[in-house]
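A quick write-up on the structure given underneath.
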Amino acid sequence: MKPYELLEHTADIGVRAWGQNPAELYQHAAQGLYAVALTAPPAHGEESWTIKLRADTLPDLLIGFLEELIYFLYTRRLAACAWAFKEMTENTVHVVCACKRLASGDFRTEVKSPTYHNLKVEEQGGGWMAEIYFDV
Amino acid sequence: MSENESASGWLEPLTPYKWRIPKEKHPGMRVDGVVYASAEMVKDICRDQALQQVVNVAQLPGIIGAALAMPDIHWGYGFPIGGVAAFDAETGIVSPGGVGYDINCGVRLVLSHLEDKDVRPRISELLHLLYRNVPAGVGSEGRIRLKNPELKKVLENGSAWALQQGYGWPGDLERTEDQGRMRGADSGAISSRALERGANQLGTLGSGNHFLEVQVVEEVYDAHIAAVFGLVVGQVAVMIHCGSRGLGYQVCDDFLLILRKAAQTYGIDIPDRQLACAPVQSTEGKEYLRAMAGAANYAWANRQCITHWVRESFEQVFRQPAERLGMHLLYDVAHNIAKGEHITWQGKPKEVCVHRKGATRAFPAGHPEVTAQYRPVGQPVLIPGSMGTASYVCAGGEQALTESFGSTAHGAGRVLSRQAAMRQARGRSIAEELSAQGIQVLARGRGTLAEESPEAYKSVDAVVEAVHQTGLSKKVARLRPLGVIKG
Chain E
598 MKPYELLEHT ADIGVRAWGQ NPAELYQHAA QGLYAVALTA PPAHGEESWT
648 IKLRADTLPD LLIGFLEELI YFLYTRRLAA CAWAFKEMTE NTVHVVCACK
698 RLASGDFRTE VKSPTYHNLK VEEQGGGWMA EIYFDV
Chain C
2 MSENESASGW LEPLTPYKWR IPKEKHPGMR VDGVVYASAE MVKDICRDQA
52 LQQVVNVAQL PGIIGAALAM PDIHWGYGFP IGGVAAFDAE TGIVSPGGVG
102 YDINCGVRLV LSHLEDKDVR PRISELLHLL YRNVPAGVGS EGRIRLKNPE
152 LKKVLENGSA WALQQGYGWP GDLERTEDQG RMRGADSGAI SSRALERGAN
202 QLGTLGSGNH FLEVQVVEEV YDAHIAAVFG LVVGQVAVMI HCGSRGLGYQ
252 VCDDFLLILR KAAQTYGIDI PDRQLACAPV QSTEGKEYLR AMAGAANYAW
302 ANRQCITHWV RESFEQVFRQ PAERLGMHLL YDVAHNIAKG EHITWQGKPK
352 EVCVHRKGAT RAFPAGHPEV TAQYRPVGQP VLIPGSMGTA SYVCAGGEQA
402 LTESFGSTAH GAGRVLSRQA AMRQARGRSI AEELSAQGIQ VLARGRGTLA
452 EESPEAYKSV DAVVEAVHQT GLSKKVARLR PLGVIKG
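Protein chains in written order, with the numbering used here: chain E, 598 to 733; chain C, 2 to 488.
Here it is, written out as structure tokens:
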């Protein structure tokens, strides 16, 4: 199973991600985001940060998770390359990320935000699939 | 039948440039949809989900008249890009999905007395200086670093803050929509995250479709209005297109969450989660409008600071004060915004909340909101084309007030996805192709030129012809680029 693919949109760009479980799905969605935003995936991490979020549903949680990654990308210039999930439920994500600090040349596209447009998070054939469109 | 063929079947022609989506055809529509476009443009419009988004907007509470789409309509989030809707200020809603992430993304045009023959020989020098003086690119950080107390003054005062710091001329304010300061802004409604995202980005272009162009007036269509605007053939001007940067994106994010919950609280059934909304008169709706106004003011201050560095750059290259170079602002328009406006509706005065998402205010001659200098001919409207193609200066048209809540198009509008544009550009040098046309380009980001290549967009000529023919605005002048800076 490939981790993600990019989806076409007239104005913007989408990511379809797969995972054997929600935690893997979230990681692959993050890789899709970085594929859009960065010139190369972050290879190794020197710093760590913790994401701890609650939301009403798994799709809402995914949006919150991606918003968190975007916030760190453009304010702290940090991108996650390794993930240690402490908790992952339909309403909660708690993950410690190893992060690379980025240089100006590492950025490719400015991603404004993940959107709720045609947002999907589904259990599929024993695994999970998500589709997210980003405003860029 | 494909989805696209199905969408084209939704449209009934009203005139050669006006189409109706009857409310009877789609359950839940409170009003018709109306699309302004030629038959040729409709083919492109039906290729994606933009018309479904017009149908969705028509379902929102308190909408009056029709859900409108300008000729540059394309698939957006919530509202289509090019979408306009007015909601009753007492019974209607406000939605961040009708404004967009880049709050008060907009355009301004700075004039000069210089001519093509003065600038063309020095365009490379000028462009490189502008490139150095105006920060651009992904996540670009500016020359201005603000602590929160000062940033809050920006949010509440907009362009006036910039002038107080020396970034501009007094005449700039009267030539900016809302004088560059939207009333009702409250920095207290803006999250600490949004403040953090905005702290180092004031005075930056950003990336994507944002740009700074040195242009020359190529053709004048209406000599009288052009004279009032100060436009003559051969004259050089500078167009600046950018918005509220990360601060605006974060405000939109924050309030989509708040207003989605509010929609549940107020029992509003929304057809698309990106259309999260709240009644205009609700606590949540008012809070969003206060925060949005703050982000709009940030965007106006942003374009004002950039204007200052553009003037400085011209002074350095041409060794004359910017005043002597005639570098007055023609006008600054917002094209992603929601505003309270007074209209005459069915013969009576009415307060509405007009959403313009990828649409430009276009008040006609005589409108009291048009600055005195331009009131005899109508508000200047700036419609940029894609990179390397023409841009237009128009004037607000009479029909805009009676048909489109004082609105018109905002640009060319995309027709190709970024990936499709990259595929078409493979093996080509877009910079060299533009250079062969006499247009120099400097771009910060990798892939930006391919993604933003001219064929990724509709013909701006066709968009402007459509708004001209429908009377939403009048064609005044056409400008072509000499030099382009992209983020």
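The beta-carbon is built from N, C-alpha and C at its ideal position, and this holds for glycine as well. In this text, all values refer to a predicted model and were calculated from it rather than measured experimentally.
- In terms of CA proximity to E/V692, E/R651 leads the group E/E719, E/R651 and E/D703.
- C/I191 places its beta carbon 8 angstroms or farther from that of C/N337.
- For C/S125, same chain residues with a beta-carbon under 7 angstroms away, outside a window of 5 residues either side, are Q441 in chain order.
- Counting the other CB atoms within 10 Å of its CB gives E/S701 a total below 16, which places it among the exposed residues.
- Of all residues in the region 692 to 708 of chain E, the ones placed with a Cβ closer than 7 angstroms to any Cβ belonging to chain C are F704, R705, T706 and E707, in chain order.
- With a contact defined as Cβ atoms closer than 8 angstroms, C/S141 and E/T706 miss out at about 13 angstroms.
- Residues of the same chain with a CB within less than 7 angstroms of the CB of C/G199, apart from the 5 flanking positions on each side, are L152, R246, G247, L248 and Y299 in chain order.
- In summary, the residues of the region 66 to 100 of chain C whose CB is separated from some CB of chain E by less than 7 angstroms are H75, W76, G77, Y78 and I82, in the order they occur in the chain.
- Annotation: E/A626 has no Cβ neighbours in chain C at a cutoff of 9 angstroms; minimum Cβ distance is about 17 angstroms.
- Counting C-beta atoms within 10 angstroms of its own C-beta, C/A228 has fewer than 16 neighbours from the protein chains shown and is therefore classed as exposed.
- Inter-residue distance for C/V218 and C/R176 is about 19 angstroms (C-alpha atoms, whole angstroms).
- In this structure, the straight-line span from the alpha carbon of C/V55 to that of C/D33 is close to 9 angstroms.
- The count of Cβ pairs closer than 8 angstroms, one atom from the region 270 to 280 of chain C and one from the region 89 to 96 of chain C, reaches three, so the stretches are in contact.
- In the DSSP assignment, C/I191 falls outside any alpha helix (DSSP H), carrying neither H nor E.
- Of all residues in the region 641 to 655 of chain E, none places a beta-carbon less than 8 angstroms from a beta-carbon of chain C.
- Proximity of the region 376 to 393 of chain C to the region 301 to 314 of chain C falls short of the contact definition, fewer than three beta-carbon pairs being nearer than 8 angstroms.
- Short of 7 angstroms from the beta carbon of C/E116, and not among the five residues preceding or following it, lie these beta carbons of its own chain, in chain order: G235, Q236 and V237.
- The criterion of a C-beta distance shorter than 8 angstroms is not satisfied by C/G204 and C/G107.
- Cβ atoms of C/A360 and C/T403 stay farther apart than 8 angstroms, at about 16 angstroms.
- When C-alpha distances from E/T689 are compared across E/T654, E/I729, E/I610 and E/Y631, the shortest belongs to E/T654.
- Counted as a single uninterrupted DSSP element, the stretch harbouring C/C106 is not any alpha helix (DSSP H), since DSSP gives it neither H nor E.
- Secondary structure note for C/F319: its alpha helix (DSSP H) is the uninterrupted segment T284 to F319.
- At least 8 angstroms separates the CB of E/E720 from every CB of chain C.
- C/S387 is outside the set of residues whose beta carbon lies under 8 angstroms from a beta carbon in chain E.
- The bridge partners DSSP lists for C/Y458 are C/R415.
- In the structure shown, C/H336 adopts coil according to DSSP, grouped into three states.
- Going by DSSP, E/R651 is part of the beta strand (DSSP E) stretching over E644 to R651.
- In the structure shown, the three-state DSSP call for C/R176 is coil.
- With a cutoff of 8 angstroms on beta-carbon distance, C/G181 and C/G167 are scored as not near each other.
- Here C/T409 carries a strand assignment [DSSP, helix/strand/coil].
- Against chain C, the beta carbon of E/L603 has neighbours under 8 angstroms at Q420, listed in chain order.
- Annotation: C/L450 is outside any beta strand (DSSP E); the continuous alpha helix (DSSP H) that includes it extends over T449 to E452.
- Straight-line measurement puts the Cα of E/L630 at about 19 angstroms from the Cα of E/K649.
- Sequence-distant partners of E/P600 (beyond 5 residues in either direction) whose C-beta falls short of 6 angstroms from its own C-beta, in its chain, are H625 and Q628.
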